[in-house]
Amino acid sequence: VELKRCAWRVLTLWVTVSMLVTLNGGVAYTGLDGAAPPNILYVKPAGAGGCTSWADACTLQSALAAASAGAEIWVAAGTHLPAAADRTATFQLKSGVAVYGGFAGIEAARVERDWVANVTILSGDLQGNDSTNVDPAEPTRAENSYHVVTGSGTDATAVLDGFTIEGGNANGASGSLFMGGGMYSNAASPTLANVIFTANTAQFGGGMCSDGSPALINVIFSGNSANRTGGGLGGGMFSQGTMTSPTLTNVLFNGNTASKGGGMVNYANPNPVLVNVTFSANGAWQGGGLYSLSGAPALTNAILWGNTADDAGPQIYNDASTPTISYSLIQDCGGSGPGWDSNLGTDGGHNIAADPQFIAADGPDHVAGTLDDNLRLPRGSAAVDAGDKDALPLDALDLDGDGQTSEKLPVDLDGSWRVVMGLVDMGAYEAALKTYVPLVMKQY
Ligand SMILES: [Ca+2]
Ligand SMILES: [Ca+2]
Ligand SMILES: [Ca+2]
Ligand SMILES: [Ca+2]
40 VELKRCAWRV
50 LTLWVTVSML
60 VTLNGGVAYT
70 GLDGAAPPNI
80 LYVKPAGAGG
90 CTSWADACTL
100 QSALAAASAG
110 AEIWVAAGTH
120 LPAAADRTAT
130 FQLKSGVAVY
140 GGFAGIEAAR
150 VERDWVANVT
160 ILSGDLQGND
170 STNVDPAEPT
180 RAENSYHVVT
190 GSGTDATAVL
200 DGFTIEGGNA
210 NGASGSLFMG
220 GGMYSNAASP
230 TLANVIFTAN
240 TAQFGGGMCS
250 DGSPALINVI
260 FSGNSANRTG
270 GGLGGGMFSQ
280 GTMTSPTLTN
290 VLFNGNTASK
300 GGGMVNYANP
310 NPVLVNVTFS
320 ANGAWQGGGL
330 YSLSGAPALT
340 NAILWGNTAD
350 DAGPQIYNDA
360 STPTISYSLI
370 QDCGGSGPGW
380 DSNLGTDGGH
390 NIAADPQFIA
400 ADGPDHVAGT
410 LDDNLRLPRG
420 SAAVDAGDKD
430 ALPLDALDLD
440 GDGQTSEKLP
450 VDLDGSWRVV
460 MGLVDMGAYE
470 AALKTYVPLV
480 MKQY
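Take the position in the sequence shown, starting the count at 1, then add 39; the result is the number in the numbering used here.
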């Protein structure tokens, strides 16, 4: 009996110590009976270890190569390159593997990460020499990765969450090498959340080129370019694929440029579902915000304002496409009813044309279309509480961390509450509840 009790105590102690070790620094442990350990691989920019802990961190390429279905890859802040010099190298996602950025490199639990504070960059600028000229022909981008990230062949269980993707340059002459500078995703439906695409270039899809039905939640496309002068399509995102249905929720397209579709292009019959998206300060020859060659996009709770086109369709240009647009604010649309501009698509009702009064459309640098722009809404905006909450998709990724995935997506692009008093706003950001006193008032 005494021996059994002693063995039990040792066992209990071992379990306790194992748990403590796990909680304090994410040190890998093996289960009591040799069961599979928590399958987490740890990444730091200069990691040279075996991926088993923060102290033993490896590179992202090593972790992706080693990860099998069910694994999570935790990536610490800093700049991660697909290779030292090989332009064709790319971060290839895997089905069943979730890649999370935003760690300081000490966390024991995923909820502790902060992807806004701990900026985790996947960069194609292999020599670290890019100028601010975001153009595929820019000489300082000549050595950049063709695709920083590749999602091809993956399903929705391939997750990328908490990253900034920049410096991709798909300036190749053929094949996929001229498509998807930031991310190329062929025949694939990966899941992206909390991702910023910025300063990527290509002929087709500067930020992202997608053939399939990816889910993009809380994603920003800012300052990407698809060779404006060379017939490039989809500065921010190029989406194609018959019978595919990309879903974009809480997505901001800002300051992207292309020949057609400054913000986004729909090509070859995709049926994208856009909910609470904002297009601002994108520019093109045709379709400053959105260009649809074919297919049937559905826009609900959208804002398209301040986009420009040299030829036609500053906000929306349709070739052989008829989007359905509901509960949306579109510059010069005429509003729902008899004044509706049918060139934009089918009036699904509850559309308005009033100025959304973005808080600071060009931000502190006074240049519209850069990452410091504040495209949130003041309480008095006509877009406030004018959306349709039934259009929100399910919270499949549990972005609010409450364990419920069958509820409506409860957060906006800031991670703030989306549904307040049973109402939702148009656009990627929900207006703040509080009414702030203007700074100037505090002097009195
Ligand atoms: Ca470069
Ligand atoms: Ca700005
Ligand atoms: Ca609201
Ligand atoms: Ca949830």
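C-beta atoms are modelled at their ideal positions from N, C-alpha and C, and glycine is treated no differently.
No experiment lies behind these values; they were computed from the predicted model shown.
Around the Cβ of glycine 109, are there at least 16 other Cβ atoms within 10 angstroms (buried) or fewer (exposed)? exposed
Roughly how many whole angstroms lie between the Cα atoms of leucine 287 and valine 314? 6 Å
Suppose you measure from the CA of alanine 226 to the CA of glycine 419; what does that come to, to the nearest Å? 43 Å
Is it the case that the segment 329-345 contacts the segment 291-305, given that we only count it when at least three CB pairs across the two stretches are under 8 Å? yes
Less than 6 Å between the CB of aspartate 451 and some heavy atom of ligand 4, yes or no? no
Closest by C-alpha distance to leucine 80, when choosing among Thr91, Ala87, Gly86: Thr91
Residue interval of the beta strand (DSSP E) (run including glutamine 279): 276-279
Considering only the beta carbon of each residue, do serine 215 and tyrosine 223 sit closer than 7 Å? yes
Between glycine 274 and asparagine 266, is the Cβ-Cβ spacing less than 7 Å? no
Please confirm whether alanine 323 and alanine 348 have their CB atoms less than 7 Å apart. yes
Let me have the residue list for ligand 3: C-beta closer than 7 Å to any non-hydrogen atom, ordered along the chain. Val423, Asp424, Val459, Leu462, Val463, Asp464, Glu469, Ala470
Grab me the residues of phenylalanine 318's own chain with a C-beta within less than 6 Å of its C-beta, minus the 5 sequence neighbours each way, in chain order. Phe292, Gly302, Gly328, Leu343, Asn346
Residue from Asn168, Thr129, Gln166, Leu103 whose Cα sits closest to the Cα of tyrosine 139: Leu103
First and last residue of the beta strand (DSSP E) that includes alanine 137? 137-142
Tell me, please, whether the segment 108-127 touches the segment 152-172 by the rule of three or more beta-carbon pairs shorter than 8 Å. yes
What first and last residue would you give for the beta strand (DSSP E) that runs through alanine 407? From DSSP, alanine 407 is part of no beta strand (DSSP E); its letter is neither H nor E.
Since asparagine 289 and aspartate 451 are thought to touch, with beta carbons under 8 Å apart, how far apart are those beta carbons, to the nearest angstrom? 6 Å
Taking 7 Å as the threshold (C-beta atoms), are proline 309 and glycine 269 in contact? no
Unbroken alpha helix (DSSP H) run spanning serine 101, endpoints: 99-105
Close-in-space but distant-in-sequence residues of the same chain around glutamate 446 (CB under 6 Å, 5 per side omitted): Asp434
Go ahead and pull the three-state DSSP assignment for threonine 347. strand
Three-state class that DSSP yields for valine 198 in the structure shown: strand
Ends of the beta strand (DSSP E) at isoleucine 391? Unbroken run through isoleucine 391: none, as it is neither H nor E.
Please state the DSSP three-state secondary structure of valine 459. strand
With a threshold of 6 Å on Cβ separation, who are the neighbours of glycine 70 within its own chain once the five nearest residues in sequence on each side are excluded? Per-residue confidence for glycine 70 stands at a pLDDT of 40, beneath the threshold of 50, marking its modelled position as unreliable; the derived number appears in the next sentence. So no residue of the chain qualifies.
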